[in-house]
Every structure is written in C-alpha cells, then in structure tokens.
Amino acid sequence: MHMDHFIGFDRLLRVHVGREKEIVIVGPAGIAAAVGHKLHAYRWDLVDRYATDLAFYVIEVHAADRLDALRFRLKTRFA
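The sequence shown begins at 0 in numbering that gives the first Met the number 0 and counts up by one.
Here it is in structure tokens:
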C-alpha cells in the first residue's frame with residue numbers, strides 16, 4: 000500500500016469514533032493488514048467511554064474470485 004491510499008483515513012476514523020457504525024473497506028490482498036497496522040498505531044485506552052461500537056469490515060479481493068474478510072472493532076481496541 001502506498002500512503003496515498005490512506006489519505007483521509009484518520010479523519011474518517013475520528014469522525015466515526017463514538018458512533019454505532021460499520022464501515023466497509025474493499026481492496027487488494029494486504030489491505031486488511033494495512034488497515035490493522037494503521038489502527039494499531041493509536042492508543043485505545045479510552046474506548047470504555049463510548050457506549051457505541053465502531054467496526055471496520057475489511058474485504059480483500061484475491062485472484063481467482065477469492066475473498067477474505069476481517070472485522071476490526073473499537074470495543075476490542077481494534078484487536
């Protein structure tokens with residue numbers, strides 16, 4: 000992934016923390032790891048203050064019509 004693929008991600012994250020929402024991200028193989036690394040770059044010690052849960056549902060598109068999916072949730076500190 001190049002850094003330009005994540006322009007606006009931090010703002011998207013900040014706007015939606017505290018809202019009950021699932022954001023779907025679809026991309027090539029490796030996008031789930033990239034999103035995970037981006038989310039783990041922050042400290043999530045204040046998540047207990049939020050009654051709602053934000054989730055990123057990441058779908059990787061592989062060759063031969065194969066899809067893999069992974070969900071990152073705020074309530075689990077995106078683990």
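Built from N, CA and C at the ideal position, the CB exists for glycine as well.
1. In the DSSP assignment, the beta strand (DSSP E) including residue 20 goes from what residue to what residue?
2. Could you give the first and the last residue of the continuous beta strand (DSSP E) run that contains residue 15?
3. Expressed to the nearest angstrom, what Euclidean distance is found between the alpha-carbon atoms of residue 65 and residue 48?
4. Helix, strand or coil for residue 1, going by three-state DSSP, please let me know.
5. Nearest to residue 9 by alpha carbon, out of 28, 27 and 39?
Reading off the structure:
1. First-last of the beta strand (DSSP E) with residue 20: 20 to 27.
2. Careful: residue 15 lies outside any beta strand (DSSP E), inside the alpha helix (DSSP H) at 8 to 15.
3. Residue 65 and residue 48 have their alpha carbons spaced roughly 38 Å apart.
4. Of the three classes helix, strand and coil, the one that applies to residue 1 here is coil, per DSSP.
5. If we check each option's Cα against that of residue 9, 39 comes out closest.
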